[in-house]
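Reading the sequence shown from the start, the letters are residues 3 to 457 in the numbering used here. Don't be surprised by glycine CBs; every beta carbon is placed ideally from N, CA and C. Structure first, commentary second.
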Amino acid sequence: MRTVDRQVVERNAPTDEFLKVETHGIEPIPSNERKGSPRDVAWLWVAAFANFVSLITGGLLITFGLGVGEAIIAIAVGSVLAAVLHGLLSVAGPRFGTTQVVASRNTFGVRGAYGGAFFTLFLAVGWFAVDCVIAAQAIGQLARLAGIPQGNLLNGMALLVVVIASILVAVYGHQTIAVFEKYGAFMFVGFCAILALTLAPKINWSLPPSLHGADHLAAWVLGTSVIFALVASWFSFASDYSRYLPQRLSDRTVAGWIAAGTAASMFLFGALGALVASIDPNRGGDLIGLISASAPLVVVVPFLLFIAAGEIWANYLDVYTAGLSALALNIRLRRWAAALAVGLLGGILAFFAMFVSNFKDQYTNFLLITYLWVPSWAAVVLVDMFVFRRRDGLTGLFRGRAVLAWLIGLAVAVPFVDSTLWQSPLAVNLLHNTDISGYVGAITGAGVYLVLGRR
Numbered sequence: 003m004r005t006v007d008r009q010v011v012e013r014n015a016p017t018d019e020f021l022k023v024e025t026h027g028i029e030p031i032p033s034n035e036r037k038g039s040p041r042d043v044a045w046l047w048v049a050a051f052a053n054f055v056s057l058i059t060g061g062l063l064i065t066f067g068l069g070v071g072e073a074i075i076a077i078a079v080g081s082v083l084a085a086v087l088h089g090l091l092s093v094a095g096p097r098f099g100t101t102q103v104v105a106s107r108n109t110f111g112v113r114g115a116y117g118g119a120f121f122t123l124f125l126a127v128g129w130f131a132v133d134c135v136i137a138a139q140a141i142g143q144l145a146r147l148a149g150i151p152q153g154n155l156l157n158g159m160a161l162l163v164v165v166i167a168s169i170l171v172a173v174y175g176h177q178t179i180a181v182f183e184k185y186g187a188f189m190f191v192g193f194c195a196i197l198a199l200t201l202a203p204k205i206n207w208s209l210p211p212s213l214h215g216a217d218h219l220a221a222w223v224l225g226t227s228v229i230f231a232l233v234a235s236w237f238s239f240a241s242d243y244s245r246y247l248p249q250r251l252s253d254r255t256v257a258g259w260i261a262a263g264t265a266a267s268m269f270l271f272g273a274l275g276a277l278v279a280s281i282d283p284n285r286g287g288d289l290i291g292l293i294s295a296s297a298p299l300v301v302v303v304p305f306l307l308f309i310a311a312g313e314i315w316a317n318y319l320d321v322y323t324a325g326l327s328a329l330a331l332n333i334r335l336r337r338w339a340a341a342l343a344v345g346l347l348g349g350i351l352a353f354f355a356m357f358v359s360n361f362k363d364q365y366t367n368f369l370l371i372t373y374l375w376v377p378s379w380a381a382v383v384l385v386d387m388f389v390f391r392r393r394d395g396l397t398g399l400f401r402g403r404a405v406l407a408w409l410i411g412l413a414v415a416v417p418f419v420d421s422t423l424w425q426s427p428l429a430v431n432l433l434h435n436t437d438i439s440g441y442v443g444a445i446t447g448a449g450v451y452l453v454l455g456r457r
């Protein structure tokens, strides 16, 4: 009798609570365990973009030669375009009750979805390493202000603290992450409002563009593309955080709230980055140095704390999704163990990036490799979900037409790449150094699948 009672208790025990290890892996969440609202998930994505990377990305548009007003418009365009797609992808959560890469099996088949799972794992671990380095560098700056001797020992200890803090919350799982992200969003938005008010008198609100003609237009398009790329790097994570939502919710409600939270956060933090960069366009790419020189110490110290905390908050999502993607590749581990394993792997990569290689060059090349595959992949998934409206859950082993459409979109996008890893002659000469590979990949992937998928 006691054994039966224990089994009943275990069956009815909560599987996703704050500060308790989540027991679900990639299997569909049962209907009786669905909870929350799209607004809650929207706050999670507000926190995901409320970090230093969004500020840096917005500041890049000033370094491209754009004026303040047009840079802000470009940030708005890129944010909205990508956020709408991100919101639509999130609909897979309540619809299928599972992660984004597992839901994509409905489009690509079980084996066909392995490619997306592998790239998502690579993407998440890579972003984890990047965010760890940025956070550790911010902690190192704080230590310097406190008079602590600099050196590799200090940097190594800072990196270790960041890695442990990032992994711990992700190991607990979905609900713990959701709570941290929600309240982190309030904190980050409030701090950046204070930062904006502090620096407002020094912002060059009327900064004009430094380019003209075709180069000017190309820089503006590149600006929208850079913002789009940052949001798109989260596309394959989308339904990982909406899968607990009740299935009865309408697609419009889910997509609307999540798109709104994503677009608002990316726009506000990206625009703030552009405004701060306008203070001194010649050093607009060095926002830490610029803010440290322009703001009082009472603001600089919280700013460095914001950088460190914001990157750790983003890392929760990276480690969690990386663990789920590993499970989607049939790695035989529990969810928490998979998160722990990929977190340790990301920590090793962060150590390499911080102490062994040129971080800036590795970061730039990483962005290209991880971003290039996503737009056409997401476009094929969205066509399958909303045009062909595949809801039957019959995945099959390999849906060749969908995989082919994705690969064609990826191949057609390559000639439009302009990065330090490879500069396409088409992008350099005809497009005036503008990378529009993401837009091309998405449009091509969707168009090809509209033709192939109907047959």
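| Asked | Found |
| --- | --- |
| Residues bridged to ASP420 (per DSSP) | GLN425 |
| Proximity winner among LEU87, ALA297 and TRP259, relative to GLY38 (alpha-carbon distances) | TRP259 |
| Neighbourhood of VAL6 by C-beta, 6 Å cutoff - its chain only, sequence neighbours within 5 removed | Per-residue confidence for VAL6 stands at a pLDDT of 44, beneath the threshold of 50, marking its modelled position as unreliable; no derived number is given. |
| Cβ-based burial, ILE169 [other Cβ within 10 Å; buried from 16] | buried |
| SER294 (DSSP reduced to helix, strand or coil) | helix |
| Residue span of the alpha helix (DSSP H) that contains LEU274, given as start and end | 253-279 |
| With 16 other Cβ atoms within 10 Å as the buried cut-off, status of SER252 | exposed |
| Burial state of PRO427 (16 or more Cβ within 10 Å) | exposed |
| 6 Å Cβ shell around PRO417 - same chain, five flanking residues per side excluded | SER426 and LEU428 |
| Length of the line joining the Cα atoms of HIS176 and LEU155 | 34 Å |
| Contact the stretch 435-451 vs the stretch 402-419: 3+ CB pairs below 8 Å | yes |
| Beta carbon of LEU351 nearer than 8 Å to that of LEU91 | no |
| Buried or exposed (CB count within 10 angstroms, at least 16 for buried), LEU299 | exposed |
| Option in ILE333, GLY348 and VAL164 with minimal Cα separation from VAL127 | GLY348 |
| Contact between the stretch 332-346 and the stretch 133-141 (3+ Cβ pairs under 8 Å) | no |
| CA-to-CA distance, ALA180 to ALA324, given in whole angstroms | 16 Å |
| Beta-carbon gap between ILE31 and LEU329 smaller than 8 Å | no |
| Neighbourhood of VAL173 by C-beta distance below 6 Å, restricted to the same chain and skipping five residues each side | TRP338, ALA341 and LEU342 |
| Span separating the alpha-carbon of HIS214 from that of ARG403 | 44 Å |
| Beta-carbon proximity list for VAL450, same chain, < 6 Å, skipping 5 on both sides | ALA407 and ILE410 |
| Selected residue, minimal CA-CA separation from GLY225, among ARG36, SER267 and ALA73 | ALA73 |
| Where ASP133 falls: helix, strand or coil (DSSP) | helix |
| CB contact flag (GLY455, ALA52, <8 Å) | no |
| Beta-carbon spacing of GLY61, VAL278 below 8 Å | yes |
| Through-space distance from ILE77 to SER227, alpha-carbon basis | 9 Å |
| Whether LEU63 touches CYS194 by CB criterion (8 Å) | no |
| Neighbour-count burial assignment, ASN34, 16 or more Cβ in a 10 Å radius | exposed |
| With 16 other Cβ atoms within 10 Å as the buried cut-off, status of ARG146 | exposed |
| 7 Å Cβ shell around TYR373 - same chain, five flanking residues per side excluded | ALA231, ALA234, SER235 and GLY440 |
| Extent of the continuous alpha helix (DSSP H) run through ARG41 | 40-51 |
| Nearest-angstrom beta carbon gap, VAL103 and THR122 [assumed within contact, 8 Å] | 5 Å |
| As assigned by DSSP and simplified to three states, the class of HIS477 | Coverage of the chain is limited to positions 3 through 457, which leaves residue 477 absent and any answer about it impossible. |
| Boundaries of the alpha helix (DSSP H) in which PRO177 is found, first to last residue | It is Gln, not Pro, that sits at residue 177 in the sequence shown. That run of the alpha helix (DSSP H) goes 176-201. |
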